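Here is the structure we will look at.
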Amino acid sequence: MAVTAVVSSKVSRGVHKWVWTALTEADTGAALDPENGGPSFADKCVQMESAAAWGGGTIILEGSNDGVVYSPLNNPQGIPISMTADGLEGILENPLYVRPRATAGSSMSVDITIVGRAILQLR
634 MAVTAVVSSK VSRGVHKWVW TALTEADTGA ALDPENGGPS FADKCVQMES AAAWGGGTII
694 LEGSNDGVVY SPLNNPQGIP ISMTADGLEG ILENPLYVRP RATAGSSMSV DITIVGRAIL
754 QLR
């Protein structure tokens with residue numbers, strides 16, 4: 634199982650984006666962690682998409698507060714985030730660590746993007 638790197642970028646003031654490119658059926662995404670600002674952006678959504686086919690694959694989104702034991706993250710309706718086709722979901726929880734993980738499939742290559750918005754304090 635390979636670990637796919639996460640690439641962080643600033644979109645605008647108070648908005649950041651994290652991307653895992655070409656996650657395959659055997660991959661886990663590197664954790665979006667406190668050093669990359671993940672928990673600072675409490676309002677987050679995730680988009681998963683593939684330019685080709687999902688190959689019967691499933692990708693779940695997991696979170697952890699210790700970076701060791703991960704649990705499924707939920708959408709605002711309380712349903713675990715698990716995608717088998719292109720889609721966009723809000724993320725209910727805000728743990729210290731967030732990662733995507735492939736749980737099934739063959740010949741898949743999926744890009745995962747999380748966008749987060751921080752609460753800005755005006756002075």
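Numbers 634 to 756, taken from my numbering, label the letters of the sequence shown in order.
Ideal Cβ positions, reconstructed from N, Cα and C, are used throughout, including at glycine.
For clarity, every value in this text was computed on a predicted model and none was experimentally measured.
DSSP state of residue i mapped onto helix, strand, coil
i      : result
ASN669 : helix
SER704 : strand
ASP744 : strand
GLU682 : strand
THR661 : strand
THR691 : strand
ILE724 : strand
MET716 : strand
SER585 : Only positions 634 to 756 of the chain appear in this structure, which leaves residue 585 out of reach.
ALA751 : coil
ALA675 : coil
ALA735 : strand
6 Å CB neighbourhood of residue i in its chain, flanking five on each side removed
i      : result
TYR730 : ALA664, ASP666, SER697 and GLY700
ALA655 : SER742
ILE747 : TRP651, LYS677 and VAL679
GLY738 : GLU658, GLY688, GLY689 and GLY690
Option nearest residue i by Cα separation, candidates the options
i      : options                           : result
ALA735 : ALA638, GLU658 and SER642         : GLU658
ARG750 : ASP719, LYS677 and ILE724         : LYS677
LYS643 : THR661, THR717 and GLY671         : GLY671
PHE674 : GLY688, GLU726, GLY662 and SER740 : GLU726
GLN710 : TYR703, THR661, ALA638 and GLY723 : GLY723
PRO733 : GLY688, ASP660 and SER645         : ASP660
PRO728 : THR637, SER704, ALA686 and SER645 : SER704
ILE752 : VAL639, SER645 and THR637         : SER645
Straight-line gap, residue i to residue j (C-alpha atoms, nearest Å)
i      : j      : result
ALA684 : ILE714 : 20 Å
SER740 : GLY662 : 17 Å
ALA635 : TRP653 : 12 Å
Other residues of its chain near residue i: CB distance less than 7 Å, five sequence neighbours each side excluded
i      : result
ASP719 : MET681, GLU682 and SER683
Touch test, the stretch 689–707 against the stretch 643–652, Cβ-Cβ under 8 Å, three pairs minimum:
no
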